[in-house]
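> In UniProt numbering, the protein residues as written are 1 to 139.
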């Protein structure tokens with residue numbers, strides 16, 4: 001699941017964490033795996049937003065379904081837009097590669113600019129943020 005979490009002022013919650021496979025820090029949206037048997041995709045998205053960003057949201061909209069690497073895998077990811085954000089009453093204790101993640105609200109237009117300049121290259125973040133940006137401009 002991937003979550004484009006947009007604040008009331010139009011800022012997007014971005015997560016920066018080290019990814020060993022690319023040996024660098026990577027800007028991403030909150031995201032995670034549907035790894036609890038029987039878990040509903042929306043409930044998974046809510047859990048991931050809480051675990052990675054210490055946030056919950058009042059409104060959830062399904063934005064899209066993506067095949068991540070259709071040439072080599074049948075994996076897909078559901079992307080949601082979360083609004084009406086508020087902080088959790090408690091923060092999660094993060095371990096492993098998530099222990100050092102950085103959370104930051106960044107204006108949506110700045111995230112789009114960073115994508116277009118090649119500074120954000122995470123495929124899921126790029127696709128989800130650009131789609132959310134287009135969707136907002138059409139409303």
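C-beta: ideal position from N, C-alpha, C; glycine also.
Keeping to the same chain, check which residues put their C-beta closer than 6 Å to that of residue 135; ignore five residues upstream and five downstream.
Excluding residues within five positions, none has a Cβ falling inside 6 Å.
> What do you get for residue 122, buried or exposed, if any count of 16 or more other CB atoms within 10 angstroms of its CB means buried?
That one is buried.
> How far does the alpha helix (DSSP H) with residue 123 in it reach, from first residue to last?
From DSSP, the alpha helix (DSSP H) with residue 123 extends over 123 to 138.
> Compare the Cα-Cα distances from residue 62 to each of 69, 70, 45 and 91 and report the closest residue.
The option with the nearest alpha carbon to residue 62 is 45.
> So what does DSSP say about residue 48, is it helix, strand or coil?
Three-state DSSP puts residue 48 in a helix.
> Which residues does DSSP pair with residue 31 in a beta bridge?
Residue 31 pairs with 2.
> Tell me whether residue 8 sits in a helix, a strand or coil according to DSSP, three-state version.
Of the three classes helix, strand and coil, the one that applies to residue 8 here is coil, per DSSP.
> Contact defined as beta carbons within less than 8 Å: I believe residue 125 pairs with residue 27. What is the distance between those atoms, to the nearest angstrom?
With 8 Å as the limit, residue 125 and residue 27 qualify as a contact, their Cβ atoms being about 6 Å apart.
> Just checking my contact of residue 115 with residue 2 at CB under 8 Å: how many whole Å lie between their CB atoms?
14 Å between Cβ atoms; not a contact.
> With contact counted as at least three CB pairs below 8 Å, one residue from each stretch, are the region 27 to 43 and the region 87 to 95 in contact?
In short, these stretches do not touch, since the Cβ pair count stays below three.
> Counting pairs of Cβ atoms below 8 Å between the region 100 to 116 and the region 5 to 21, do you hit three or more?
A contact exists between the region 100 to 116 and the region 5 to 21.
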